[in-house]
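In my numbering, the protein residues as written are 32 to 1154.
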């Protein structure tokens, strides 16, 4: 039988059941009885409690009653609004009437609704239209929430111009639906802190190409690496070294298969001298390979890369390489590599040779620290040779010779055994000696920190050999309370844990047995948390459960009970046990309470007072909010009474404050506001002699944000917007403003705007945040017309400037300029506001830069401060902005400040900033004739300076500014440097000419010239200078080269590159005197073997030259003498 509207409403109010779930089932059964053609009059359905409010919403959603659901959005109840916005069909249906709805809801609803529409709105043309309308009516920040639903062109446009305002979650939404835009978006955001979430949506081809272009610090996971390798195998093989830090190392081996050998050979450095330093990285991705396959791969790859055997290069032989090699291969290395100690080297011999040598050396070593290292080598040589038989002999020798040695020697031996061997896999012959050594520690009462570790390994050894473990397990159980042994072997771990459970009565006396049974139950819970598919029920141990119950009743051992209490409350335990646990519950979290409310509501009802006190000590807001739905069981009423009693106490305890918060969630709003009215301020100053009353005021004021509907809290909040109370109501006022419907805020904010200065400032901020654009502009014009306070004027400037930066247009720019005119030019804070340069819209960046520079130039503030701010402005200008500035402005700026240092030496910092500006102005000019004109202008100023005594510093600073653009690899157009050199001509000093030429060589190196060829070009430059100025110029050339040469060698291995540079100078020298430059670059105190070899080779080559000049300078370097 179909229900009528009246019958439905009557039945709605008569739902029965204890739990919410039971009542919800009845509700949906009732809904199914309503004929689709019957229209329920929901206006007559007035909910009597929060649960009925929620059920009414469920009913509206069931019948898809759009108008009534829209009213819920306007109802200022965050819990119900969140439920409504989870309805996809509802959100999509709102798109057509969005502009009419937005003014009638709160700011938070606007944000959430637009975020939902960004996901669910499919009509891109409609989305574009809504985006523009929201932007016009409100702000760009709000409109950007809708951006993911818009057309591709609009998305790319705003990502490019407002990338700082786009949230990562919006980026993910765009990429999830339109992955084809990923590469374009990444190109837009590259260099701007691009979000890593873009990578997941790039195609393998795009991903590799972008990495090679931008070298971003990011490593792919296994699946992404596999996809990239499958799609780009050829490119990967060709750029192995460039991509090695981008791909997952182990996955590269798996995915490349047979091609991995070629790829691995390409990973090796081009220069064999770089191989030792690359070794750790070369072996890090081969961990899963067996040692013999790993060795074969390394040998083959080395041969392929360098054409020789790795064993013939002693500097390339490492300890890990020797550990992989079989004995015959190790013995083929006749000469000990220089980086191995004698004791370490002997470990790689056969045990027949190494053990006698090490034993003899130990016997001859009286120093304890020396014996420590040698004892470790005894075990190490057995490990390297995989010789357990020799290890038996080592154990016998050690026990015989060193049983009474220093305790640190015995600890070192056993520690080495544990680190190098799996003790559980050793034989009985080893454990005989190990056990005896452990007994010596016990007899001597020596501390051995690894005793428990050895005991665990002993038990594991016995289990592997199917021998009884009871004796050792009992000993272990007495030593520790962590009874989950062998994390690496769950089968044996469970076996030991179950055995401990049976052995407990035999291990412990009655006085401690109950406590240990509780410890056992805790270990079972630990096991269950790690092995969910093979869990052990604690209720299979009735004696342990009895001990647990007895402890609950006696209120003892509470520190060991907390985990068990939480577990028993989470599972289907008996009602008596549940009640006991609730009575002893000291702390809990929301998941446990949630399960209690749904599965054990009767126990909650019986213990509601105790639970209330518990949650007041550690606030659980979700529990309080959820309890509102249990009015039929009197839960909120009883909790309110507990909180009232606490709130009326004359104290300012933490729990009292939480009790007031709880009341704000559970009491009817009118009752709570009536209680609050007792604490309205009667004066703008707080009474510090009544601190309890003040703390109540603070607690009640902060809880206004919890009143439903939120607009009920606005008027009471205004009572606190005065004097000492403003600070305690501010966060609540902002929260309310975000959750109160827009049209209800207007009068409240208008009232705040007529109060004290501090309140007026917040009124401005809240208006900008919560109201529409027209209301914001009206507020600005109102204040600008009447406000005289300087602090408020600056606040207006800051507010309008922030709005301009977020979403600029001519109206906002005019507003900013009007506010600038209204403030004092002598106020430094105004300049600080205007210098918040990031986020200035590109459309206005040029006009704003010129405006701000002129503002600074005409500022009456002391010149030092203004010059510092001018420097800040110049540093923020990018090369693109500088090229966009008017030519007259740039020329005038350079003309005015280029030679300022000659007149005012204090202005050096500003002049250097102007030089950097001028360098970018010249270098990045795209018009060749205009660029030459700008160079001529700069050189004309430099020529004027050359007659001044201080000019050298000025010219050098400008030259360094020009060269810095090339040395920092921002520009590689070498022709610009050549233009400077040719147009400057003879007016340039020699040291300046050298610096310019060395910079040109650096650019050539960046473009592909090798370090050795750079050395040859340096020698050629020196030869030409000597021909013009004589050999005396080499002193100046040497000084410049020493200061500059690091730029040539900084990429890669700088030490090896240095000797490549020196070798190039020597090979390219056309006279012996030029080799002085090479000698001047030689290093001292070289630690690296490969570098030392190269150093010795070059020094030997110089020694073989018979030129006296070379001999003098070389002897000075080697011996500090001219002989």
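Note that beta-carbon positions come from the ideal geometry of N, C-alpha and C, so glycine has one too. Since the structure is predicted, the reported quantities are computational estimates derived from the model, not experimental observations.
Relative to the alpha-carbon of residue i, which residue among the options has its alpha-carbon at the smallest distance?
i            : options                   : result
residue 1123 : 1097, 52 and 1086         : 1086
residue 178  : 168, 169, 150 and 195     : 150
residue 722  : 737, 684, 689 and 758     : 684
residue 975  : 481, 926 and 828          : 926
residue 585  : 564, 562, 571 and 612     : 612
residue 359  : 375, 1069 and 380         : 380
residue 781  : 762, 809, 761 and 757     : 809
residue 1002 : 1021, 1014, 1011 and 1037 : 1037
residue 220  : 186, 236 and 253          : 186
residue 441  : 505, 416, 1035 and 473    : 473
residue 794  : 734, 784, 736 and 911     : 784
residue 469  : 456, 489, 450 and 457     : 489
residue 299  : 321, 285, 120 and 274     : 274
residue 1062 : 1138, 1046, 890 and 1105  : 1105
residue 917  : 430, 880 and 896          : 880
residue 858  : 828, 833, 844 and 874     : 828
residue 101  : 115, 93, 772 and 70       : 115
residue 912  : 941, 897, 931 and 952     : 952
residue 78   : 621, 708 and 40           : 40
residue 736  : 714, 515, 752 and 692     : 692
residue 141  : 213, 972, 800 and 1108    : 800
Could you check whether the Cβ of residue i sits closer than 8 Å to any Cβ belonging to chain C?
i           : result
residue 385 : The displayed structure is made up of one protein chain only, and chain C is not part of it.
Mind checking which residues open and close the alpha helix (DSSP H) that includes residue i?
i            : result
residue 28   : This structure gives no information on residue 28, because the portion of the chain shown stretches from 32 to 1154.
residue 902  : 894 to 907
residue 172  : 171 to 174
residue 577  : 573 to 585
residue 239  : 235 to 245
residue 791  : 788 to 801
residue 612  : 606 to 615
residue 1026 : 1021 to 1037
residue 342  : That residue, residue 342, is in no alpha helix (DSSP H); it is neither H nor E in DSSP.
residue 436  : Segment: none, residue 436 is in no alpha helix (DSSP H) and carries neither H nor E.
residue 537  : 521 to 538
residue 1055 : 1042 to 1060
residue 727  : 722 to 733
residue 713  : Counting along the chain, residue 713 falls outside any alpha helix (DSSP H), and DSSP gives it neither H nor E.
residue 560  : 541 to 561
residue 262  : 253 to 262
residue 514  : Here residue 514 belongs to no alpha helix (DSSP H), and DSSP marks it neither H nor E.
residue 646  : 639 to 648
residue 285  : 280 to 287
residue 810  : 804 to 817
residue 353  : 350 to 355
residue 823  : 821 to 837
Give the DSSP-derived three-state secondary structure of residue i in the structure shown.
i            : result
residue 137  : strand
residue 80   : coil
residue 978  : For residue 978, the predicted structure reports a pLDDT of 48, less than 50, and the residue's modelled location is therefore unreliable. A value from the coordinates is still provided. Three-state result, residue 978: coil.
residue 928  : helix
residue 1137 : coil
residue 692  : helix
residue 48   : coil
residue 205  : helix
residue 1063 : coil
residue 1078 : helix
residue 390  : helix
residue 1097 : helix
Have a look at the DSSP bridge pairing and note the partners of residue i.
i           : result
residue 772 : 137
Please report the Cβ distance between residue i and residue j, rounded to the nearest whole angstrom; I am assuming they are in contact, meaning their Cβ atoms lie under 8 Å.
i           : j           : result
residue 582 : residue 549 : 6 Å
residue 410 : residue 451 : 5 Å
residue 756 : residue 718 : 11 Å between Cβ atoms; not a contact.
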